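The opening residue of the sequence shown carries number 464 in my numbering; numbering runs sequentially from there.
Cβ coordinates follow ideal geometry from the N, Cα and C atoms, glycine included.
Values in this document were obtained by computation on a predicted structure and should not be read as measured data.
Before any comments, here is the structure.
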Amino acid sequence: MSDIDISKITDCSLFQGLNEDEIKLLSTLFSEKKLASGKTVFVEQMPGESLYLIKSGRVKVSKLLAEGDERTLVTLKPKELFGVLAVLDGSPRSATARVEDDAVLLSIKKQDFEKFSEASPKIAYKVIRNIIRDFTARIRDNDEEYREMLMWSLNETS
């Protein structure tokens, strides 16, 4: 892990409520990865070992359907997190993530965050709280989208 410049992304949800020193300490956990468009970050069902923060570029998150088709769930942009669930609960990846535009990703390995949590529990608490807020906002958005699709479907069949 090296000294990575995060000055352009400190206003992302992950750092909300953290002071400058806490952000600097957390940033020591990051590894930086540059990936070209089309590269796969991770595949559905593989073990989750890291969470990711997009520094630049875009990442498409998709799910493989029973028919073999792939459905895009969301396209993420800079300052957004992904790959969080598998790291927090130890489950396999629930979707596939591919780079859509050349991207720079910052990652935190699960075991590094666990050690950090033991050494700096107050900061870790704030980070986990931010992750949960981000995740619940996505659930609410998906819930609203599902409700709209359901209403459209009911209107079409009536």
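Beta-carbon proximity check, L492 vs L481, cutoff 8 Å: The sequence position of residue 492 within the sequence shown is 29, counting from 1. The sequence position of residue 481 within the sequence shown is 18, counting from 1. Taking 8 Å as the Cβ cut-off, L492 and L481 do not qualify as a contacting pair.
Exercise for review: Let me know the secondary structure DSSP gives P541 once reduced to three states.
Suggested key: Within the sequence shown, numbered from 1, the residue matching residue 541 stands at position 78. Note: P541 maps to coil in three-state DSSP.
- prompt: When we look at the beta-carbon of V506 and count the other beta-carbons within 10 Å, is it buried (16 or more) or exposed?
  reply: Your numbering for residue 506 matches position 43 in the sequence shown. V506 is exposed by the Cβ-count criterion.
*Which residue from F545, M509, V524 and V590 puts its Cα closest to that of T535?*
In the sequence shown, counting from the first residue as 1, residue 535 sits at position 72. By alpha-carbon distance to T535, the top candidate from F545, M509, V524 and V590 is V524.
* Can you tell me which of the three DSSP states K497 falls into? => Residue mapping note: residue 497 aligns to position 34 of the sequence shown, counting from 1. The answer is strand: DSSP assigns K497 an E or B state.
Kindly indicate which residue of K502, E483 and I602 has the alpha-carbon position closest to the one of L548. Within the sequence shown, residue 548 is the residue found at index 85, counting from 1. Out of K502, E483 and I602, I602 has the C-alpha closest to the C-alpha of L548.
D565, DSSP secondary structure in three states: If you number the sequence shown from 1, residue 565 lands on position 102. Three-state DSSP puts D565 in a strand.
Checklist entry - Counting Cβ pairs closer than 8 Å, one from the stretch 510 to 525 and one from the stretch 555 to 572, do we hit at least three? => result Contact annotation: the stretch 510 to 525 touches the stretch 555 to 572, with at least three C-beta pairs closer than 8 Å.
With a threshold of 8 Å, are at least 3 pairs of Cβ atoms found where one atom belongs to the stretch 470 to 486 and the other to the stretch 538 to 552?
With a cut-off of 8 Å, the stretch 538 to 552 and the stretch 470 to 486 count as touching, because enough Cβ pairs lie within range.
Limits of the unbroken beta strand (DSSP E) element including V524:
If you number the sequence shown from 1, residue 524 lands on position 61. Per DSSP, V524 belongs to the beta strand (DSSP E) from S513 to L527.
| field | Reference K497; option with closest CA among T599, A600, V522 and K487 | value | In the sequence shown, residue 497 corresponds to position 34, counting from 1. Checking every option, the nearest Cα to that of K497 belongs to V522.
**Asked** Does the Cβ of G520 have 16 or more other Cβ atoms within 10 Å, making it buried, or fewer, making it exposed?
**Response** For the purposes of this step, residue 520 is taken as the residue at position 57 of the sequence shown. G520 is buried by the Cβ-count criterion.
Q: Kindly indicate which three-state DSSP category K578 falls into: helix, strand or coil?
A: As a first step, residue 578 is located in the sequence shown; it is residue number 115 there, counting from the start. Here K578 sits in helix by DSSP.
Distance CB(E495)-CB(I467) smaller than 8 Å: Residue mapping note: residue 495 aligns to position 32 of the sequence shown, counting from 1. Residue mapping note: residue 467 aligns to position 4 of the sequence shown, counting from 1. Contact: yes.
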